[in-house]
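Protein chains in written order, with my numbering: chain A, 1 to 103; chain B, 104 to 266.
Just so you know, even glycine gets a beta-carbon here, dropped at the ideal spot from N, CA and C.
Just so we're clear, the structure is a prediction, and the values are computed from it rather than from any experiment.
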Amino acid sequence: MSVGLEHYLVLSAVLFSIGLYGALAKKNAVVILMCIEIMLNAVNIAMVAFSRYIVPTVLTGQIFAIFIIVVAAAEAAVGLAIVISIYRNRETIESTDIDLMKW
Amino acid sequence: MIGFDVAFWILAIIGVIAALMVVFLRNVFRSALSLILCFLSVAGIYFTLSADFLGAVQILVYVGGISVLIILAIMLTREVQRGSPSNKLRIPAFIVAIVFLGVVGYTLLNTPWQLSTAAPLEHTTANIASKLLGEGGFILPVEIAATLLLAAILGAIVLVREK
C-alpha cells in the first residue's frame, strides 16, 4: 500500500497526541513549550498534506503553514522570555510551583 | 514513488521516536536535542510532500532559531539537574491523549477525502511568493505577521530586561 493522505494525517495525529500528553503532564515550563512546538509541527504536517493531496496546484495550505511558523516563532520568543523572567523572580520554573494567581 | 514511501516511513518513525524522547527523557537538555531531531524529520516529511520551500523554512526557523532559543532558556534556568518530572495529572493526561488520538484517527480514517490526481507543483517558491505578495493574495496577513513579530520581539526584550 503506497503512502497517501491518511498516512500523513495519522502521523500528524500521533505527533499531536504526544505533544498534548507532554503539555498536560510535565512540570518543567520549558518542556511544556517544547511540547507545544511539537503540536504546532503536527498541525503543519496536516496542512501541507491536505495541500498536497486535495488541491495540489493551489498552495493555500502551505501558506497557512508559513503563518503558523511565524506565530510559533513569536510564541516561542515571548514564552521563553516569560519563563526566564519567572525564574529570575521565583527561582523555579516548575509549573506546579507557579501558583501565584491560584486562590 | 517507492523512494518517497521508504523516506516517509523512515522519517515518520524517527519523528515519532524523537517526540516520545522529548516527552519521556529525564534530562531536559537531551529532550531539547531530540526535539531538534523531531524538527529535522518534520522538514524531511515536507520534502516528501514536495513542499521544498517549506522544508527549507522549517530547517531555518525551527532547527536554526527556535531550538537555539530553547537551549538558551534551559541554560539560563539551570533546570537540567532537576530533570523533567511529571505532575500528578500524568494518568489523566495519558487517557486524554489516547482518547484524542482514537477519536481523530477514527474520524480521519472514515472520512471519504476528495483526493485530486493532479501532479504537485515542481518548484513551489515562486508560486508561494506570488500567492503571498501578489494580486488577490495574502498581503494583509503578511503585514499583520510582520507587526506581530515586531510586537513579540519588543515584548521579549521588555520581559527579560534587567531592571
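Nearest-angstrom beta carbon gap, residue j and residue i [assumed within contact, 8 Å]
| i | j | result |
| --- | --- | --- |
| Leu324 (chain B) | Ser144 (chain B) | The structure shown does not extend to residue 324 (chain B), since chain B is modelled only from 104 to 266, so the question has no answer here. |
| Ala196 (chain B) | Leu24 (chain A) | 4 Å |
| Leu20 (chain A) | Ala200 (chain B) | 5 Å |
| Phe142 (chain B) | Thr227 (chain B) | About 20 Å; that fails the 8 Å criterion. |
| Thr57 (chain A) | Leu224 (chain B) | 6 Å |
| Val160 (chain B) | Ile63 (chain A) | With 8 Å as the limit, Val160 (chain B) and Ile63 (chain A) do not qualify as a contact, their Cβ atoms being about 11 Å apart. |
| Ser170 (chain B) | Val31 (chain A) | Not really, about 14 Å apart at Cβ, beyond 8 Å. |
| Ile38 (chain A) | Val125 (chain B) | 7 Å |
| Ala121 (chain B) | Gly147 (chain B) | Ala121 (chain B) to Gly147 (chain B), Cβ: 12 Å. No contact. |
| Tyr149 (chain B) | Val48 (chain A) | 6 Å |
| Leu211 (chain B) | Leu9 (chain A) | 5 Å |
| Ile36 (chain A) | Leu123 (chain B) | Actually they do not touch by this definition, with Cβ atoms about 16 Å apart. |
| Lys26 (chain A) | Ser189 (chain B) | 6 Å |
| Val71 (chain A) | Leu251 (chain B) | 7 Å |
CB contact check: residue i to chain A, cutoff 8 Å
| i | result |
| --- | --- |
| Pro223 (chain B) | yes |
| Ala255 (chain B) | yes |
| Leu140 (chain B) | no |
| Ile162 (chain B) | no |
| Ala176 (chain B) | yes |
| Ala159 (chain B) | no |
| Asn213 (chain B) | no |
| Thr180 (chain B) | yes |
| Val145 (chain B) | yes |
| Gly258 (chain B) | yes |
| Tyr209 (chain B) | no |
Whole-angstrom distance between residue j and residue i, CA atom to CA atom
| i | j | result |
| --- | --- | --- |
| Glu94 (chain A) | Ala29 (chain A) | 6 Å |
| Leu140 (chain B) | Gly118 (chain B) | 7 Å |
| His7 (chain A) | Trp216 (chain B) | 13 Å |
| Ile82 (chain A) | Ile162 (chain B) | 25 Å |
| Ser137 (chain B) | Leu15 (chain A) | 14 Å |
| Ala180 (chain B) | Thr92 (chain A) | As written in the sequence, residue 180 (chain B) is Thr, which differs from the Ala given in the question. About 8 Å. |
| Gly239 (chain B) | Ser233 (chain B) | 9 Å |
| Ile191 (chain B) | Gly22 (chain A) | Sequence check: residue 191 (chain B) is Lys here, not Ile. Looking at the two C-alpha atoms, the distance is approximately 13 Å. |
| Leu112 (chain B) | Asn89 (chain A) | Strictly speaking, residue 112 (chain B) in this sequence is Trp, with Leu absent from that position. Taking the straight line from one Cα to the other gives about 46 Å. |
| Phe203 (chain B) | Arg52 (chain A) | 25 Å |
| Ala255 (chain B) | Ala77 (chain A) | 7 Å |
| Ile173 (chain B) | Leu128 (chain B) | 16 Å |
| Met178 (chain B) | Ser134 (chain B) | 13 Å |
| Asp108 (chain B) | Thr96 (chain A) | 43 Å |
| Gly168 (chain B) | Gly4 (chain A) | 31 Å |
| Ile98 (chain A) | Thr151 (chain B) | 42 Å |
| Gly106 (chain B) | Ser2 (chain A) | 11 Å |
Cutoff 8 Å: residue i Cβ touching any chain B Cβ
| i | result |
| --- | --- |
| Val70 (chain A) | yes |
| Asn89 (chain A) | no |
| Leu5 (chain A) | yes |
| Leu100 (chain A) | no |
Segment contact, 8 Å Cβ cut-off, at least three pairs: the stretch 42-49 of chain A with the stretch 219-228 of chain B
By the Cβ rule, the stretch 42-49 of chain A does not count as touching the stretch 219-228 of chain B, because fewer than three pairs are nearer than 8 Å.
Which residues of the stretch 226-243 of chain B have a Cβ closer than 7 Å to any Cβ of chain A? Give them in chain order.
Within the stretch 226-243 of chain B, the residues whose Cβ lies closer than 7 Å to some Cβ of chain A are Thr227, Asn230, Ile231, Lys234, Leu235, Phe241, listed in chain order.
Return the residues of the stretch 111-130 of chain B that lie within a Cβ-Cβ distance of less than 8 Å from chain A, sorted by chain order.
Result list: Phe111, Trp112, Ala115, Gly118, Val119, Ala122, Leu123, Val125, Val126.
Selection of the stretch 33-62 of chain A by Cβ proximity to chain B, strictly under 8 Å:
Correct list: Leu33, Met34, Cys35, Glu37, Ile38, Asn41, Asn44, Ile45, Val48, Ala49, Ser51, Arg52, Tyr53, Ile54, Val55, Pro56, Thr57, Leu59, Thr60, Gln62.
For the structure I just gave you, are there three or more beta carbon pairs, one from the stretch 245-262 of chain B and one from the stretch 72-87 of chain A, closer than 8 Å?
Yes: the two stretches touch, three or more of their Cβ pairs being nearer than 8 Å.
Tell me which residues of the stretch 8-34 of chain A have at least one Cβ-Cβ distance to chain B shorter than 8 Å, keeping chain order.
The residues in question are Tyr8, Leu9, Val10, Leu11, Ala13, Val14, Leu15, Phe16, Ser17, Ile18, Gly19, Leu20, Tyr21, Gly22, Leu24, Ala25, Lys26, Lys27, Asn28, Val30, Val31, Leu33, Met34.
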